[in-house]
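Number of protein chains: 2
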Amino acid sequence: MSTEATDIATLVKNIALEARAASLTLANVPSEQKNRAILRLAELIEENVPFLQSENTKDLAAGETAGLTGAMLNRLQLNEKRIAGMVEGARQVAALPDPVGESLDTYKHPQDFTIEKVRVPIGVIGIIYESRPNVTVDCAILCLKSGNASILRGGKEAFHTNTALAALVSRALEEAGLPSKAVQFIPTTDRAALNTLLKLNEQIQCIIPRGGEGLIRFVSENSTIPVIKHYDGICTLYVDKAADAAMAESIVVNAKTQYPSVCNAAENLLVHREVLAFHLPQIARGLVAKGVTLKADPEAAATLEAAGIDCEPATEEDWSTEYLDLTISIKVVGSNEEAMSFINKYGSSHSDAIITADPETAAEFLNGVDSSTVYWNVSTRFTDGFEFGLGAEIGISTDRLHARGPMGLRELCSYKYKVVGNGQIRS
Amino acid sequence: MSTEATDIATLVKNIALEARAASLTLANVPSEQKNRAILRLAELIEENVPFLQSENTKDLAAGETAGLTGAMLNRLQLNEKRIAGMVEGARQVAALPDPVGESLDTYKHPQDFTIEKVRVPIGVIGIIYESRPNVTVDCAILCLKSGNASILRGGKEAFHTNTALAALVSRALEEAGLPSKAVQFIPTTDRAALNTLLKLNEQIQCIIPRGGEGLIRFVSENSTIPVIKHYDGICTLYVDKAADAAMAESIVVNAKTQYPSVCNAAENLLVHREVLAFHLPQIARGLVAKGVTLKADPEAAATLEAAGIDCEPATEEDWSTEYLDLTISIKVVGSNEEAMSFINKYGSSHSDAIITADPETAAEFLNGVDSSTVYWNVSTRFTDGFEFGLGAEIGISTDRLHARGPMGLRELCSYKYKVVGNGQIRS
Chain A
1 MSTEATDIAT LVKNIALEAR AASLTLANVP SEQKNRAILR LAELIEENVP
51 FLQSENTKDL AAGETAGLTG AMLNRLQLNE KRIAGMVEGA RQVAALPDPV
101 GESLDTYKHP QDFTIEKVRV PIGVIGIIYE SRPNVTVDCA ILCLKSGNAS
151 ILRGGKEAFH TNTALAALVS RALEEAGLPS KAVQFIPTTD RAALNTLLKL
201 NEQIQCIIPR GGEGLIRFVS ENSTIPVIKH YDGICTLYVD KAADAAMAES
251 IVVNAKTQYP SVCNAAENLL VHREVLAFHL PQIARGLVAK GVTLKADPEA
301 AATLEAAGID CEPATEEDWS TEYLDLTISI KVVGSNEEAM SFINKYGSSH
351 SDAIITADPE TAAEFLNGVD SSTVYWNVST RFTDGFEFGL GAEIGISTDR
401 LHARGPMGLR ELCSYKYKVV GNGQIRS
Chain B
1001 MSTEATDIAT LVKNIALEAR AASLTLANVP SEQKNRAILR LAELIEENVP
1051 FLQSENTKDL AAGETAGLTG AMLNRLQLNE KRIAGMVEGA RQVAALPDPV
1101 GESLDTYKHP QDFTIEKVRV PIGVIGIIYE SRPNVTVDCA ILCLKSGNAS
1151 ILRGGKEAFH TNTALAALVS RALEEAGLPS KAVQFIPTTD RAALNTLLKL
1201 NEQIQCIIPR GGEGLIRFVS ENSTIPVIKH YDGICTLYVD KAADAAMAES
1251 IVVNAKTQYP SVCNAAENLL VHREVLAFHL PQIARGLVAK GVTLKADPEA
1301 AATLEAAGID CEPATEEDWS TEYLDLTISI KVVGSNEEAM SFINKYGSSH
1351 SDAIITADPE TAAEFLNGVD SSTVYWNVST RFTDGFEFGL GAEIGISTDR
1401 LHARGPMGLR ELCSYKYKVV GNGQIRS
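So the protein sequences, as listed, match chains A and B.
Here the first sequence stands for residues 1 to 427, where the numbers follow the numbering used here.
Here the second sequence stands for residues 1001 to 1427, where the numbers follow the numbering used here.
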């Protein structure tokens, strides 16, 4: 390693050691104190809007010079609406119940002592994210509320904005009497810092990458620390032979068009052969009216053509494509089983729905589709921590271990066992 | 890759694809059918003792030729007691409640539909283990009962025995009408097979290494699939100033000597300065009577010397050494806080205990020690799935995510959300 890389490795290691020490304190502070820090941060953000925006302007100017796309500049921007969103989010999290300390289970051992399972923080969580600066505040607050220390490593595009926000977080922690090292921002965007961070197993217990597939893949392939992944969604809607046509149209249109660029929006539509001629044209007209491009297999295409509706041919690749846009792939199936096999093969185990009036078929689908959230007669767009009653979310896990689906405060926790007796020994 | 390596990669990939397909079936079969397979396996083992032992003899002979140590040959041996243990274990697991399908939570959405969180299997679990052939049966059964397909990769020393056991597992699955590919044994000990296996993220959802630290480290550094680690334990006992001397002696002697070669045995003893002169000699005599070697810091050494008890000097390295043998490191501390800092610094976050009559000090310790299991006036030797009422265990996780401490059938599961409505869309 060069001297510079060694310096960065030392810097990051020290940050992690400080975070680990802070996490031991943070695990046992009262809820009231954590909430005080969160509410103070909300105030500090409100009091420092001009400062935040002037720092943000530096990032935006650098981004324009560097030739960032409009979409990237948009993500980078900390406008008043986004600032208000951060503040509002902070106050919401402060109002949520504290997940730490909850008793999850108690077992009475035959030798007359108790084993209690209690929810505790995970420890130190590393958040690796890209250009949205509001992630700095959102993640710091969720980790803090769940008693975890956090190390934030944001994208270089948002460096000035993130640094400014991180300074406010430190102030809020100090003013609430909490260790200021409980939330730390990596003060360099050198890649060496990330590479060091991802190997600090002794100090950091969990890594959460927030961003595009490339970032998540890089992090999960290079981290020796457990990673909770939030990959995107290839979500499928299945219109069964027992589906009500109006309900099918309404759900398909909603799942595809209400917010097409998010992970719980639908990408594939399966229609049962028996209702193809009647249901598909109605659904397709609803989609076309919202500007959706239809890609269809030959059988669906023939039906659409007969009804005078334009479509393009769907390719094998389309079935596993996440458009994140106003395009949908349509395929005809002959049975619920065929629909489930399709979803388990091409989908991303995120959110899938069946539309049917038949409870038996629905039960088969709910059990047989291997996805984190499976819907019966409801739009896939509801996969979300707020909609699921979690009060907040740090993301939607596409993993099977620890957390699956929307991750709220409880999913940011681990547990420990407290064993209490009066001298018991094992024989 | 060489042709051979390509062949092995293809072989392993096919095994994983078959396991993935089998897992989708297995996730939804009735408990009764899984139990039938487990009970049939118990019978088949009993019916095939001579065959199993003759295959085991081949491994033992090869092991002797290869110069395995006595301890390794002992681990390899499938004697009648171990066979009886496998059979008994199988019948116990068959009798346990099925963790799959249990409703964990229900949320009523304001738009009048329900979101139910239900326990489901993880999917496909890869078990990487060393020379104990009973792991083949133990792990196959635990995965099967929890609805998971499993891929077993045992050590080369036990290859004949493992192959024979795996054949019986396949027969039991078939006779119970379950997919025989739900449990598969990798039929080669080539390292290329392991390297392929650890990258099959699409088919395999979880890797559990069972064995020594070297194996676990290799697996966790080379796997792109989430790994649940079962590292060893550096467990500490703290005799507080308010400890009863007799209870302290009893717990320390039990935790150190009852079974010194396991992960929940104690390695460090901390004694509060205020009770040093009286408590330490009594505890030390109890330990010496069981043949324990004492390694002490200067202050403890002086006390022991004054009492006429032999000891060796403890080094800095000793505080984080897992002896797994009749040796203990002893250190004097001035406060509960000092004890907790020591444990959080040198321990392995496994199992630690305080002996005290003071409930306030105990509560501080139970909260402040960052370990998966923290004991008050109980021996650390109880950290175990059976002792914790889990009915069985696949290991003791030293991770914070997903499972921490003893892992039973429930810890071999994930969950999914089933959402049921009547046409709800998001606005």
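Every residue, glycine too, gets a C-beta built ideally from N, C-alpha and C.
Closer than 7 Å by beta-carbon distance: list the chain B residues that pair up with residue i, in chain order.
| i | result |
| --- | --- |
| Gly-368 of chain A | Asn-1028 |
| Trp-319 of chain A | Residues of chain B passing the Cβ test: none, with the nearest at roughly 15 Å. |
Assign residue i to buried or exposed, taking buried as 16 or more other Cβ atoms, counted over all protein chains shown, within 10 Å of its Cβ.
| i | result |
| --- | --- |
| Asn-1264 of chain B | buried |
| Phe-1159 of chain B | buried |
| Thr-433 of chain A | The displayed coordinates of chain A run from 1 to 427. Any statement about residue 433 of chain A would go beyond what the structure contains. |
| Tyr-1439 of chain B | Lying outside 1001 to 1427, the shown extent of chain B, residue 1439 of chain B is not represented and no answer is given. |
| Arg-75 of chain A | buried |
| Gly-1067 of chain B | exposed |
| Ile-1380 of chain B | A small fix is needed here, since residue 1380 of chain B is Thr in this sequence, not Ile. Buried, by the Cβ-count rule. |
| Pro-1313 of chain B | exposed |
| Glu-1267 of chain B | buried |
| Asp-1325 of chain B | exposed |
| Asp-352 of chain A | buried |
| Ser-146 of chain A | buried |
| Gly-1308 of chain B | exposed |
| Arg-1191 of chain B | exposed |
| Thr-257 of chain A | buried |
| Lys-1108 of chain B | exposed |
| Glu-411 of chain A | buried |
| Val-243 of chain A | The displayed chain sequence assigns Ala, not Val, to residue 243 of chain A. Ala-243 of chain A is buried by the Cβ-count criterion. |
| Asn-1377 of chain B | buried |
| Phe-386 of chain A | exposed |
| Glu-1337 of chain B | exposed |
At a CB-CB cut-off below 9 Å, which residues of chain B make contact with residue i?
| i | result |
| --- | --- |
| Val-250 of chain A | Here residue 250 of chain A is Ser; the residue named in the question, Val, does not match the sequence. The answer, in chain order, is Gly-1423 and Ile-1425. |
| Met-407 of chain A | Within 9 Å Cβ-Cβ: nothing; Met-407 of chain A doesn't reach chain B, min ~12 Å. |
| Gln-92 of chain A | Correct list: empty, because the minimum Cβ distance to chain B is about 16 Å. |
| Val-420 of chain A | Ala-1362, Leu-1366, Tyr-1375, Trp-1376, Asn-1377 and Val-1378 |
So who's on the other strand from residue i, going by DSSP bridges?
| i | result |
| --- | --- |
| Tyr-107 of chain A | A:Ile-115 |
| Val-120 of chain A | A:Ser-414 |
| Ala-266 of chain A | A:Cys-235 |
| Ala-1353 of chain B | B:Leu-1237 and B:Tyr-1375 |
| His-1279 of chain B | Note: His-1279 of chain B sits in no beta bridge, so no partner. |
| Lys-331 of chain A | A:Leu-270 |
| Met-1407 of chain B | B:Gly-1395 |
| Arg-1153 of chain B | B:Ile-1128 |
| Val-1419 of chain B | A:Tyr-375 and B:Ile-1115 |
| Glu-1424 of chain B | Checking the displayed sequence, the identity of residue 1424 of chain B turns out to be Gln instead of Glu. Per DSSP, A:Val-378. |
Can you pull the chain A residues whose beta carbon is under 8 Å from the beta carbon of residue i, in chain order?
| i | result |
| --- | --- |
| Gln-1033 of chain B | Simply none; closest approach about 15 Å. |
| Asn-1014 of chain B | Those do not exist, as Asn-1014 of chain B stays about 16 Å from chain A at its closest Cβ, beyond 8 Å. |
| Leu-1194 of chain B | Here the premise fails: no neighbours, minimum Cβ distance about 17 Å. |
Starting from residue i, find everything on chain A with Cβ-Cβ shorter than 9 Å and list it in chain order.
| i | result |
| --- | --- |
| Ile-1189 of chain B | The sequence given here has Thr at residue 1189 of chain B, not Ile. What Thr-1189 of chain B touches in chain A: nothing, since even the nearest Cβ is about 25 Å away. |
| Arg-1036 of chain B | Those within 9 Å of Arg-1036 of chain B in chain A number zero; the least Cβ separation is about 20 Å. |
| Phe-1278 of chain B | Those within 9 Å of Phe-1278 of chain B in chain A number zero; the least Cβ separation is about 18 Å. |
| His-1109 of chain B | Val-378, Phe-382, Glu-387, Phe-388 and Gly-389 |
Can you list the residues of chain B that residue i reaches, using a CB-CB cut of under 8 Å?
| i | result |
| --- | --- |
| Glu-221 of chain A | Thr-1224 |
| Ser-371 of chain A | Lys-1416 |
What residues of chain A sit near residue i, judged by a beta carbon separation below 7 Å?
| i | result |
| --- | --- |
| Lys-1402 of chain B | According to the sequence displayed, residue 1402 of chain B carries His and not Lys. Here the neighbours are Leu-401 and His-402. |
| Asn-1254 of chain B | Ile-425 and Arg-426 |
| Phe-1113 of chain B | Val-378 |
Does the structure place the region 1059-1075 of chain B close enough to the region 1024-1044 of chain B that three or more beta carbon pairs sit under 8 Å? Contact between the region 1024-1044 of chain B and the region 1059-1075 of chain B is absent, because fewer than three Cβ pairs lie under 8 Å.
Which ranges does the alpha helix (DSSP H) cover as unbroken runs of at least 4 residues, wholly within the region 72-102 of chain A, from first to last along the chain? Segments of the alpha helix (DSSP H) lying fully in the region 72-102 of chain A: 80-95.
Inter-stretch contact (C-beta, 8 Å, three-pair minimum) for the region 1390-1403 of chain B and the region 1220-1228 of chain B: Contact between the region 1390-1403 of chain B and the region 1220-1228 of chain B is present: 3 or more CB-CB pairs across the two stretches fall below 8 Å.
Enumerated in chain order, which unbroken segments of the beta strand (DSSP E) with a length of 3 residues or greater are wholly contained in the region 16-77 of chain A? none
Which full runs of the beta strand (DSSP E) of 3+ residues lie inside the region 274-323 of chain A, going along the chain? 293-296
Go through the region 184-254 of chain A residue by residue and report every complete run of the beta strand (DSSP E) that reaches 3 residues or more, in order. Segments of the beta strand (DSSP E) lying fully in the region 184-254 of chain A: 206-210 and 235-239.
Hey, is the region 272-290 of chain A in contact with the region 234-254 of chain A, meaning 3+ C-beta pairs nearer than 8 Å? yes
Counting pairs of Cβ atoms below 8 Å between the region 1182-1189 of chain B and the region 1012-1022 of chain B, do you hit three or more? yes
So does the region 1124-1131 of chain B actually touch the region 1081-1101 of chain B, counting three or more Cβ pairs closer than 8 Å? no
Using 8 Å as the threshold, is the region 160-177 of chain A in touch with the region 111-125 of chain A, meaning 3 or more CB pairs across them? no
If you pair each beta-carbon of the region 290-298 of chain A with each one of the region 324-339 of chain A, do three or more pairs fall below 8 Å? yes
So does the region 27-36 of chain A actually touch the region 87-100 of chain A, counting three or more Cβ pairs closer than 8 Å? yes
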